[in-house]
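Participant: This is the structure I want to talk about, given as structure tokens.
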Amino acid sequence: TERARLELEEAKLVSAERLQQLADVQKFVDPASDRTVYLPKTDASLALNRH
Numbered sequence: 009t010e011r012a013r014l015e016l017e018e019a020k021l022v023s024a025e026r027l028q029q030l031a032d033v034q035k036f037v038d039p040a041s042d043r044t045v046y047l048p049k050t051d052a053s054l055a056l057n058r059h
């Protein structure tokens, strides 16, 4: 069905392997541990704060 095809396509697009390949192409790197901030799950307003 169309839905099954779309779900399969989505699964391929968001796979960890594909995302890592895209990050490599864009030369993305993991942030240093002191630059990583974990937000509380209950407060999405902090996620909008861009520096």
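For what it's worth, my numbering labels the leading residue of the sequence shown as 9, then goes sequentially. Ideal Cβ positions, reconstructed from N, Cα and C, are used throughout, including at glycine.
1. Is DSSP giving Leu47 helix, strand or coil here?
2. For Ala52 and Val45, what's the separation of their Cα atoms in angstroms?
3. What's the gap between the Cα of Ala31 and the Cα of Thr9?
4. Which of the three DSSP states is assigned to Val33 in this structure?
5. What number of angstroms, rounded off, separates the C-alpha of Leu47 from the C-alpha of Leu21?
Facilitator: For this structure:
1. coil
2. 13 Å
3. 32 Å
4. helix
5. 26 Å
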